[in-house]
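**Student:** First residue of the sequence shown? That's 7 in the working numbering, and the numbers climb one at a time after it.
Where is the CB? At the ideal position from N, CA and C, for every residue including glycine.
I have a structure I would like to understand better, so I am pasting it below and will then ask my questions one at a time.
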Amino acid sequence: PYRFMEPFYRPETVGIRGPAPSRTVEGDILIERDVAIPLRDGTRIYADVFRPASGDPVPALLAWGPYGKHEGTLQYLVRAFPAAGVREEDVGPSPMFEGPDPHFWVPQGYAVVNVNPRGVWYSEGVATFISEQEAQDCYDTIE
(Lines of atoms letter the chains of each structure in order from A and count residues from 1; the text may use other names and numbers.)
(Lines give C-alpha, C1' and ligand atoms only; values in the text may rest on other atoms or scores of the structure.)
Protein backbone atom coordinates (compact mmCIF):
# COMPACT_ATOMS: atom_id res chain seq x y z
CA PRO A 1 0.00 0.00 0.00
CA TYR A 2 1.02 3.59 -0.59
CA ARG A 3 2.24 5.31 2.56
CA PHE A 4 2.23 9.04 2.85
CA MET A 5 5.57 10.77 3.15
CA GLU A 6 6.59 11.88 6.61
CA PRO A 7 4.82 15.14 7.46
CA PHE A 8 6.83 18.34 7.37
CA TYR A 9 5.46 19.13 10.82
CA ARG A 10 2.88 17.88 13.27
CA PRO A 11 -0.14 20.15 13.88
CA GLU A 12 0.83 20.79 17.51
CA THR A 13 4.26 22.14 16.49
CA VAL A 14 2.68 25.05 14.61
CA GLY A 15 0.01 25.94 17.16
CA ILE A 16 -2.97 24.06 15.74
CA ARG A 17 -5.19 22.96 18.62
CA GLY A 18 -5.70 19.31 19.38
CA PRO A 19 -9.05 17.56 19.60
CA ALA A 20 -11.53 19.53 21.68
CA PRO A 21 -14.87 17.71 21.66
CA SER A 22 -17.82 20.07 21.56
CA ARG A 23 -21.52 20.02 20.82
CA THR A 24 -23.32 23.11 19.53
CA VAL A 25 -26.49 23.94 17.63
CA GLU A 26 -26.52 26.39 14.72
CA GLY A 27 -30.09 26.94 13.57
CA ASP A 28 -31.48 23.47 12.87
CA ILE A 29 -28.05 21.79 12.72
CA LEU A 30 -26.47 19.90 15.62
CA ILE A 31 -22.67 20.06 15.28
CA GLU A 32 -20.50 17.59 17.17
CA ARG A 33 -16.79 18.31 16.73
CA ASP A 34 -13.86 15.99 17.36
CA VAL A 35 -15.97 12.88 17.93
CA ALA A 36 -13.55 10.04 18.74
CA ILE A 37 -14.16 6.91 16.66
CA PRO A 38 -12.46 3.76 17.98
CA LEU A 39 -11.22 1.42 15.26
CA ARG A 40 -10.91 -2.37 15.62
CA ASP A 41 -7.22 -2.15 16.61
CA GLY A 42 -7.86 0.49 19.29
CA THR A 43 -6.67 3.42 17.17
CA ARG A 44 -8.80 6.55 17.54
CA ILE A 45 -9.69 8.77 14.62
CA TYR A 46 -11.69 11.99 14.82
CA ALA A 47 -14.75 13.27 12.98
CA ASP A 48 -17.02 16.28 12.91
CA VAL A 49 -20.69 15.28 12.65
CA PHE A 50 -23.40 17.61 11.34
CA ARG A 51 -27.01 16.41 11.62
CA PRO A 52 -30.52 17.67 12.16
CA ALA A 53 -30.97 19.10 15.66
CA SER A 54 -34.31 17.27 15.81
CA GLY A 55 -32.46 14.01 16.46
CA ASP A 56 -34.40 12.21 13.73
CA PRO A 57 -32.44 9.34 12.13
CA VAL A 58 -31.16 10.31 8.67
CA PRO A 59 -28.76 8.80 6.13
CA ALA A 60 -25.15 9.98 6.42
CA LEU A 61 -22.77 11.35 3.81
CA LEU A 62 -19.23 10.32 4.80
CA ALA A 63 -16.36 12.58 3.73
CA TRP A 64 -12.96 10.89 4.03
CA GLY A 65 -9.70 12.47 2.94
CA PRO A 66 -6.23 13.60 3.94
CA TYR A 67 -6.83 17.36 3.72
CA GLY A 68 -8.39 17.83 7.15
CA LYS A 69 -11.96 17.90 8.41
CA HIS A 70 -11.70 21.48 9.61
CA GLU A 71 -13.55 24.30 7.95
CA GLY A 72 -11.90 27.17 6.14
CA THR A 73 -10.04 25.29 3.41
CA LEU A 74 -12.84 25.49 0.86
CA GLN A 75 -13.47 29.18 1.53
CA TYR A 76 -9.76 29.85 0.90
CA LEU A 77 -9.87 27.96 -2.40
CA VAL A 78 -12.99 29.85 -3.54
CA ARG A 79 -11.10 33.12 -3.04
CA ALA A 80 -7.83 31.82 -4.49
CA PHE A 81 -9.41 30.41 -7.67
CA PRO A 82 -12.28 32.69 -8.67
CA ALA A 83 -12.32 31.26 -12.21
CA ALA A 84 -13.66 27.99 -10.76
CA GLY A 85 -17.10 29.60 -10.73
CA VAL A 86 -17.94 28.93 -7.08
CA ARG A 87 -19.15 32.03 -5.27
CA GLU A 88 -18.25 32.57 -1.61
CA GLU A 89 -21.90 33.16 -0.72
CA ASP A 90 -22.74 29.68 -2.08
CA VAL A 91 -20.42 27.94 0.38
CA GLY A 92 -21.51 27.39 3.99
CA PRO A 93 -19.17 28.03 6.92
CA SER A 94 -18.26 24.39 7.59
CA PRO A 95 -17.43 22.36 4.46
CA MET A 96 -14.17 20.46 4.29
CA PHE A 97 -12.14 20.39 1.08
CA GLU A 98 -13.62 17.82 -1.32
CA GLY A 99 -16.51 17.20 1.07
CA PRO A 100 -20.25 17.95 1.08
CA ASP A 101 -21.41 21.27 2.51
CA PRO A 102 -23.28 20.47 5.75
CA HIS A 103 -25.29 23.69 5.56
CA PHE A 104 -26.73 22.50 2.24
CA TRP A 105 -27.15 18.77 2.94
CA VAL A 106 -28.44 18.70 6.53
CA PRO A 107 -31.57 20.72 5.65
CA GLN A 108 -32.11 18.23 2.79
CA GLY A 109 -32.41 15.39 5.33
CA TYR A 110 -28.85 14.07 5.60
CA ALA A 111 -26.10 13.97 8.19
CA VAL A 112 -22.57 14.91 7.10
CA VAL A 113 -19.64 13.15 8.77
CA ASN A 114 -16.23 14.71 8.05
CA VAL A 115 -13.46 12.31 9.07
CA ASN A 116 -9.74 12.72 9.59
CA PRO A 117 -8.53 9.22 8.65
CA ARG A 118 -5.81 7.28 10.43
CA GLY A 119 -2.61 9.34 10.76
CA VAL A 120 -4.17 12.56 9.44
CA TRP A 121 -4.08 15.68 11.64
CA TYR A 122 -4.72 14.48 15.20
CA SER A 123 -6.13 11.06 14.31
CA GLU A 124 -3.87 8.34 15.67
CA GLY A 125 -1.83 5.88 13.64
CA VAL A 126 0.08 5.94 10.36
CA ALA A 127 -1.71 7.20 7.25
CA THR A 128 -2.11 4.93 4.23
CA PHE A 129 -3.88 5.57 0.96
CA ILE A 130 -6.12 3.17 -0.99
CA SER A 131 -5.09 0.27 1.21
CA GLU A 132 -6.74 -2.65 2.97
CA GLN A 133 -6.11 -0.80 6.24
CA GLU A 134 -7.95 2.26 5.00
CA ALA A 135 -10.86 0.09 3.80
CA GLN A 136 -11.10 -1.55 7.24
CA ASP A 137 -10.95 1.86 8.94
CA CYS A 138 -13.74 3.19 6.73
CA TYR A 139 -15.84 0.08 7.49
CA ASP A 140 -15.25 0.51 11.23
CA THR A 141 -16.26 4.17 10.99
CA ILE A 142 -19.54 3.30 9.28
CA GLU A 143 -20.34 0.56 11.78
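#1: CB A59 to CB I43, shorter than 7 Å?
#2: Using the C-alpha atoms, what's the distance from G91 back to D40?
#3: Any chance the CB of G33 is under 6 Å from a heavy atom of the ligand GTP?
#4: Quick check: what's the CA-CA separation for F110 versus E95?
#5: Going by DSSP, name the residue or residues bridged to Y52.
#6: Is the Cβ-Cβ distance between R124 and D143 less than 7 Å?
#7: Using the three-state DSSP reduction, which class does I37 fall into: helix, strand or coil?
#8: Alpha carbon to alpha carbon, how far is R93 from D107? Give it in angstroms, no decimals.
#9: May I ask you to report which of helix, strand or coil DSSP gives E197?
#10: Would G115 pass as a contact of V55 if the rule is Cβ separation under 7 Å?
#11: Leaving aside the five residues before and after G24 along the sequence, list all residues of the same chain whose C-beta is less than 6 Å from its C-beta, in chain order.
#12: Helix, strand or coil, according to DSSP, for R57 in the structure here?
#13: Beta-carbon separation of V141 and A66 under 7 Å?
**Tutor:** Quick answer:
#1: Counted from its first residue, the sequence shown places residue 59 at position 53. Counted from its first residue, the sequence shown places residue 43 at position 37. Contact: no.
#2: Locating residue 40 in the sequence shown gives position 34, where the first residue counts as 1. Locating residue 91 in the sequence shown gives position 85, where the first residue counts as 1. Rounded to whole angstroms, D40 to G91 spans 31 Å at the Cα level.
#3: Only the bare structure without any ligand can be found here, which leaves the ligand GTP out of the picture.
#4: As a working mapping, residue 110 is identified with position 104 in the sequence shown. As a working mapping, residue 95 is identified with position 89 in the sequence shown. Approximately 12 Å between the Cα atoms of the pair.
#5: For the purposes of this step, residue 52 is identified with residue 46 of the sequence shown, where counting begins at 1. For Y52, which the question treats as bridged, DSSP gives the partners A42, N122.
#6: Here residue 124 is taken as the residue at index 118 of the sequence shown, counted from 1. Here residue 143 is taken as the residue at index 137 of the sequence shown, counted from 1. Yes, they are a contact pair.
#7: Position 31 of the sequence shown, counting from 1, holds the residue named residue 37. I37 falls in the strand class under three-state DSSP.
#8: In the sequence shown, residue 107 corresponds to position 101, counting from 1. In the sequence shown, residue 93 corresponds to position 87, counting from 1. Roughly 13 Å between the two C-alpha positions.
#9: Past the edges of the chain, shown from 7 to 149, lies residue 197, and the structure says nothing about it.
#10: By one-based count along the sequence shown, residue 115 stands at place 109. By one-based count along the sequence shown, residue 55 stands at place 49. Cβ distance not < 7 Å, so G115 and V55 don't count as in contact.
#11: Counting from one through the sequence shown, the residue named residue 24 turns up at place 18. Here G24 has Y128 as same chain residues with Cβ atoms under 6 Å from its own Cβ, once five neighbours each way along the sequence are excluded.
#12: The residue you call residue 57 lines up with position 51 of the sequence shown. Three-state result, R57: strand.
#13: Mapped onto the sequence shown, residue 141 falls at position 135. Mapped onto the sequence shown, residue 66 falls at position 60. In the sequence as presented, Val is not what sits at residue 141; that position holds Ala. With respect to the 7 Å criterion, A141 and A66 are not classified as neighbours on the basis of their beta carbons.
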